[in-house]
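K.L.:
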Amino acid sequence: MSHIPEEILEQVRSANDIVDIVGEHVHLKKQGRNYFGLCPFHQENSPSFSVSPEKQIFHCFGCGKGGNAATFLMELEGLGFIEAIEALAEKAGIALPEQASGNGPVLSDEDANMLSASSWVAKLYHHLLRHGKDGKEAHQYLLNRGLTEETIDKFQLGFAPLADDFTVSFLEKKGFHRQTLVKSGLITVSDDGKARDRFRGRVIFPIRNHLGKIVAFGGRTISGQDAKYLNSPESGLFQKSRLLFNFDLAKPHIRKTNEAVLCEGYMDAISCFEAGVGNAVATLGTALTEFQSKLLRRYADAVVICYDGDSAGQAATEKAGQLLEKAGCIVKTANLDEDMDPDSYIREHGAEAFRRKVIEAADSFAAFRLRHLKKGFNLHLESDRLQYVEAALKQIAGIERPVEREHYLKGISEEFDVSFETLNEELSSLLRNLSAQNMPVKTQSRSSESGFTPKQQRDRKLLKAFHNAERNLISCMIHDATVARRVQEELGAAFNIEAHQVLVTHLYAFHEKTENGNTGTFLEHLSDDKIKNLAAELAMDPYAQEVDEKAITDYIRLIRQEQGDMASIKELKQAQKLAEQQNDPLQAAQIAMQIIEKQKQLKHIQ
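Just so you know, we're using UniProt numbering here: the sequence shown kicks off at 1 and counts up by one.
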């Protein structure tokens, strides 16, 4: 295993402000000591996502997620711990050691070997394309597609020779085991045990993750093989549904423009990039997924879907647009002729025309859907025209903005010579029906200055006294090692709530090992998500951050009292059971009355 020393980790943590890290993905507004915004991990209308610059942690009071800057990146982008630390180190300009001993979860040796093998192969294939005899045809193919040498180098495009064992022989000489190469998808093994290069005879497109690490490859045949395109198989490092081609290079452009351009293939994204559309990404041979839609929404408000102009591309645009709208994106659609894709358009009409006439002139998704809807009707027939108008009204009813609804309503009125008043009346009827069927239920209220919504305040009141005491005490312990040591001496892990028992055990160990550890560092050491989220929630709790000696004593007393009362009731129940076994119903009834009275007293106290 590879590790990063604790002092380096602390340097990386200290160099990054969590408000800046989170602020790149979430619009934050300062309220009191903390910052608030809409949670990126679940759908919400009122901000319940809180970031504390003092503690360098975040917590969502809606879905419960919490952690520090590294945790945020891990949750948001599906990164491992080391990848998140690498991203933070890169932002801060801190060089990380390649091999060192220390603490923290890391990539497995197998995953690290797979990454290393992929890196070597990418360099090999790129060298063969640019300088090898076997790669001349592939090199010329890319030049004929309009790519420059600079772009070929930028994307590290390559060529895999036709030889069956070229890649496996190269990598085994580098010390890689065949099993690793099979799992990474670089080679295949036939039934007779013979190893063959997966991508032989293909132009190679390295596929990078969000941090720029090569995790897979795509291959395009130039030698007439059956499958035109071939991807690496999925692995722990490569899931097609969670990655977007070119996302690592496009991220800064997406942030700058607040808009992403979504394509269907590698060449489309690369051609867009070369044409000056730096915010272009592509799916990896599959339909857009919900995860990818949410990923794009975290970086941009708007997405331009630039799929092929044929019927399959238009059908894919419809599905992708619905997913992106569901994720909260402003969706636009580029208009391409039926026989065009972004790459072919750029080659035929040039980069400037593509930017101006395709990307900048993109339609709204509503306009695309109405135009696409028309293709299902023969508008020369009166019956089909009426059916289309009815179907179009249903689509317009789904548009949120009244101004936009009116715009499309006027268009239909003019095109089909139907009075605007009649159409508007029909639309109003549809909207009333939709409203009756989907009555919105408000589940969240505006966050207060303290970061608690009225719902959280009500939930807090519903907790028993000892439960609130444990929460408040643990909050104090997280912030103050002196309080933690006192509670460890007086209570140990003898809390009444099981999750609290687990949490304080971790907290004692953390304070013993780390003298000056902060809240964010503590959360980083918790591997169980439920315990981590609980710790983040308690750390953000404003009710127990500034308490005096008397309050801490009262908390400990309440916790001990609950333990004693529960032990007393347990003893009474055992005595009642014994009386029943000895056929003494009178004694059993008297004990039952004592139990009831004891429980009443506890209920009154709590």
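We put the beta carbon where it would ideally sit given N, CA and C, even for glycine.
Have a look at G350 and S344 and give me their C-alpha separation to the nearest angstrom.
P.N.:
9 Å
K.L.:
Grab the span of the alpha helix (DSSP H) containing K326 for me, first residue to last.
P.N.:
It spans S311 to K326 - the alpha helix (DSSP H) in which K326 sits, taken as one unbroken run.
K.L.:
Apart from the five residues just before and just after residue 612, which ones in its own chain have a Cβ nearer than 7 Å to its Cβ?
P.N.:
Given a span of 1 to 606 for the chain in the structure shown, any question on residue 612 remains unanswerable.
K.L.:
Can you round the beta-carbon distance between G520 and Q56 to whole angstroms, since I take them to be within the 8 Å contact cut?
P.N.:
4 Å
K.L.:
Check for me: the alpha helix (DSSP H) holding R385 runs from which residue to which?
P.N.:
E382 to A397
K.L.:
Do you know offhand how far L211's Cα is from L381's?
P.N.:
55 Å
K.L.:
What does a CB cutoff of less than 8 Å around L427 pick up in its chain, not counting 5 residues either side in sequence?
P.N.:
L393, I396, A397, R405 and L409
K.L.:
Using only CA atoms, which one of P252, L186 and E549 lies nearest to D165?
P.N.:
L186
K.L.:
Under a three-way DSSP split, which group does P161 fall into?
P.N.:
Three-state result, P161: coil.
K.L.:
Taking the Cβ atom as the reference point for each residue, do Q195 and I207 lie within a distance shorter than 8 Å?
P.N.:
According to the sequence provided, residue 195 is Ala. The question's Gln does not apply to it. Result no, Cβ atoms of A195 and I207 do not sit closer than 8 Å.
K.L.:
Which complete alpha helix (DSSP H) runs does the region 27–71 hold, if anything under 4 residues is left out?
P.N.:
Correct list: empty.
K.L.:
What do you get for R371, buried or exposed, if any count of 16 or more other CB atoms within 10 angstroms of its CB means buried?
P.N.:
exposed
K.L.:
Quick one: give me the first and last residue of the alpha helix (DSSP H) that L473 is part of.
P.N.:
A465 to H479
K.L.:
On a CA-only basis, which of E86, P252, T257 and D268 is nearest F245? Give me that one, please.
P.N.:
D268
K.L.:
Would T553 be called buried (16 or more neighbouring beta carbons within 10 Å of its own) or exposed?
P.N.:
exposed
K.L.:
I'd like the span of the alpha helix (DSSP H) that includes G276, first residue to last.
P.N.:
Run containing G276: none; DSSP gives neither H nor E here.
K.L.:
Across which residues does DSSP place S364 in a beta bridge pair?
P.N.:
K332
K.L.:
At which residues does the beta strand (DSSP E) containing P206 begin and terminate?
P.N.:
R202 to R208
K.L.:
Just the Cα atoms here: how many angstroms apart are S232 and G218?
P.N.:
Cα to Cα, S232 sits roughly 6 Å from G218.
K.L.:
Is residue 627 buried or exposed, if buried means 16 or more other CB atoms sit within 10 Å of its CB?
P.N.:
Only positions 1 to 606 of the chain appear in this structure, which leaves residue 627 out of reach.
K.L.:
Would L171 and W120 qualify as a contact pair, given that the criterion is a beta-carbon distance under 8 Å?
P.N.:
Going by beta carbons, L171 and W120 fall inside the 8 Å limit.
K.L.:
Would you check whether the ligand GTP has a heavy atom nearer than 7 Å to the C-beta of C263?
P.N.:
Summarising the ligand content, the structure contains no ligands, and the ligand GTP is consequently not present.
K.L.:
Look at the alpha carbon of residue 607 and the alpha carbon of V261, and state the distance between them as a whole number of angstroms.
P.N.:
With the chain represented from 1 up to 606, any question about residue 607 goes unanswered, as that position is not in the structure.
K.L.:
Determine which residues share a DSSP beta bridge with I270 and list them.
P.N.:
According to DSSP, which records beta bridges pairwise, I270 is partnered with nothing at all.
K.L.:
Terminal residues of the continuous alpha helix (DSSP H) containing E7?
P.N.:
It spans E6 to A15 - the alpha helix (DSSP H) in which E7 sits, taken as one unbroken run.
K.L.:
Evaluate contact between the region 136–155 and the region 178–192, counting only Cβ atoms and requiring at least three cross-stretch pairs below 8 Å.
P.N.:
no
K.L.:
What distance in whole Å lies between the Cβ atoms of A539 and S475, which are believed to be in contact at a cut-off of 8 Å?
P.N.:
7 Å
K.L.:
With burial defined as no fewer than 16 other Cβ atoms inside 10 Å of the residue's Cβ, what is the status of E400: buried or exposed?
P.N.:
exposed
K.L.:
By how many angstroms is the C-alpha of G224 removed from the C-alpha of R198?
P.N.:
Going by the C-alpha atoms only, they are around 15 Å apart.
K.L.:
With DSSP as the reference, label V303 as helix, strand or coil.
P.N.:
strand
K.L.:
DSSP three-state call for S197: helix, strand or coil?
P.N.:
For clarity, residue 197 is Asp in the given sequence; the question names Ser instead. Reduced to three states, the DSSP call for D197 is strand.
K.L.:
Should A15 be labelled buried (16 or more other beta-carbon atoms within 10 Å of its own) or exposed?
P.N.:
exposed
K.L.:
Around the Cβ of H27, are there at least 16 other Cβ atoms within 10 angstroms (buried) or fewer (exposed)?
P.N.:
That one is exposed.
K.L.:
Using the Cβ count rule (16 or more neighbours within 10 Å means buried), how would you classify P454?
P.N.:
Below a pLDDT of 50, predicted positions are generally treated as unreliable, and P454, at 42, falls in that range; the measurement from the model is reported next regardless. P454 comes out exposed.
K.L.:
Could you check whether V331 and I359 sit closer than 8 Å to each other, using their CB atoms as the reference points?
P.N.:
No; because the gap between Cβ atoms is not below 8 Å, this pair is not in contact.
K.L.:
When the distance is taken between beta carbons, is P53 closer than 8 Å to D17?
P.N.:
yes
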